[in-house]
Amino acid sequence: MKTGELRVASDAQLVVAIGRFRHDALSEVYHRHAAAAFGLARRIVGDRALAEEVVQEVFLRLWNAPDRFDASRGSLRTYLLTQAHGRSVDVVRAEASRRAREERDARMTSEAGYDLEREVWDLTQAEQVRGALERLSEGERSAIELAYFGGRTYREVALLLDEPEGTVKSRIRSGLGRLRDALIDSGIAGPWRES
Amino acid sequence: MARELSHRELEELLGPYALDAVDDDERDQVDQYLDRNAEARALVAEYRETAALLVYSGTEAPPGLWERIERTLEEEPPRLAIPPAAPPVAPRSRRSALVRRVAVGVAAATAVLIVGALTVKVLQQGDRIDELGRQAKPDAVVAAAETASRDPRAAKVRLSSTDGAREARIVYLPNGDGFLVRDNLAALPADRTYQLWALMGDPQNARPISAGVLGPDPGVAAFRARGPVAGFAITEEQASGVVSPSNPAVVQGAMG
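Protein chains in written order, with my numbering: chain A, 1 to 195; chain B, 1 to 256.
Have a look at this one:
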């Protein structure tokens, strides 16, 4: 595959090229998805330098083990964001971060509510995602926000919200299900979508 | 040791698991549950895709980060441990029983150089083929395959087609090193290739992971496949290889 062809190649084709030591293929994947990975990591770890390290790890992991991406399980974007999220959560749960997070929690609980919509800015999808979020109950939105963007376990979310653990687990599950259905209805989710 | 979770409890954890919102013990148990439950895997994949759609895509990656990543990329793959070529002691007839075709190739850990009509391949999971390679010692690969065949710990896996007409033989060691040592697969056109897959996890729901591209006419090939390997399969694919199988297995076999 010529370099010029990489720009129009599918994500799956790029991963195959990465498997053949094509730096330019990894560069193209970086161009497409690094911003989202960095934004997510930064939101969770709250530190720019740590977020950059997370992104670096994610892309090096893709370089060293491209076969770990299974196209039948989802898009490359989802795979990279899942990796970035997991690594960011590991960082957050380290002891040194916990103190900062406790201070942040204290500030958050004094605020009027949780603003999951603040995280959604993609100009091409914002309206559909906002519409999908409106279908969630406040409890579902809070549980997903605190777990996903806060890097917390469901037990920690339950403590923070003063809710039973079973309720939080259930809200996360039902919230994700409703989001999924709403996003399918709006046309921006469905069978695995490659870029 | 953590209490073993019930099926219902594991199902309840799939949503939090997809958001990385479970404890380490719970994550381990859900990992094992997903290995044996395709429906649960599909559900987790849907949850993760949904969550990913919430992520803001409009920021810019920090300047200079790509350059830092690029500087740390390896130029060459790590070496696959292959013993130096031993003086040929086996009778020619015995060696020809093991080797269909051998050629000078690249013997670096994941590097392959195809020269002439014969092929010796050294593959790593995911098929990292370095076309620039280095001088190979094909006898080293053959010798390693022969040594592995004699190892009492080695698993001998027979891959066959449904009608039994086509087959391949794999020797697989406990350390993850393996060798395709024989096959009667028909040669493919130059724009096609055979691709080897390690079938990972639960035999009932094994996940194929590429163990390498074998070329249109496989010979002896060394590969590495780490993890709970349940079996192997070979498919026919486009010449560049694929990330996941796009065709049914030409031959397939399970670990004994």
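Backbone N, C-alpha and C fix where the C-beta goes; we use that ideal spot for every residue, glycine too.
Relative to A/A36, the option among A/R22, A/V55 and A/H23 whose CA is nearest is A/V55. Contact of B/P62 with chain A is assigned, a C-beta pair being separated by under 9 angstroms. In the displayed model, B/V229 falls within a strand according to three-state DSSP.
Pairing B/P216 with B/R182 gives a Cβ-Cβ distance that is not under 9 angstroms. Counting along the chain, no alpha helix (DSSP H) covers B/P208; the unbroken beta strand (DSSP E) around it starts and ends at R207 to G215. B/D151 is a Cβ neighbour of B/L173, given a cutoff of 9 angstroms.
Rounded to the nearest angstrom, the gap between the Cα atoms of B/G176 and B/I170 is 12 angstroms. Using a CB distance cut-off of 9 angstroms, A/L50 does not count as an interface residue toward chain B.
For B/W66 against A/Y30, the beta-carbon gap comes to about 5 angstroms, under 8 angstroms, which counts as contact.
Per DSSP, the beta-bridge partners of B/A254 are B/G231. Nearest CB-CB separation between B/S6 and chain A: not below the 9 angstroms threshold.
Using a CB distance cut-off of 9 angstroms, A/S137 does not count as an interface residue toward chain B.
A/I188: not part of any alpha helix (DSSP H); DSSP gives it neither H nor E.
Of the other Cβ atoms in all chains shown, fewer than 16 fall within 10 Å of the Cβ of A/V8; this residue is therefore exposed. Contact between B/V220 and B/V141 holds, since their C-beta atoms are separated by about 6 angstroms, short of 8 angstroms. By the Cβ test, the region 142 to 152 of chain A is in contact with the region 41 to 58 of chain A, since at least three Cβ pairs between them sit closer than 8 angstroms. For B/E46, the residues of chain A that pass the 7 angstroms Cβ criterion are R180, in the order they occur in the chain. Neighbours of A/A12 across chain B, judged by C-beta separation under 9 angstroms: V242, V243 and S244.
Taken in chain order, the members of the region 16 to 29 of chain A whose beta-carbon sits within less than 7 angstroms of a beta-carbon on chain B are V16, G19, R20, F21, H23 and S27.
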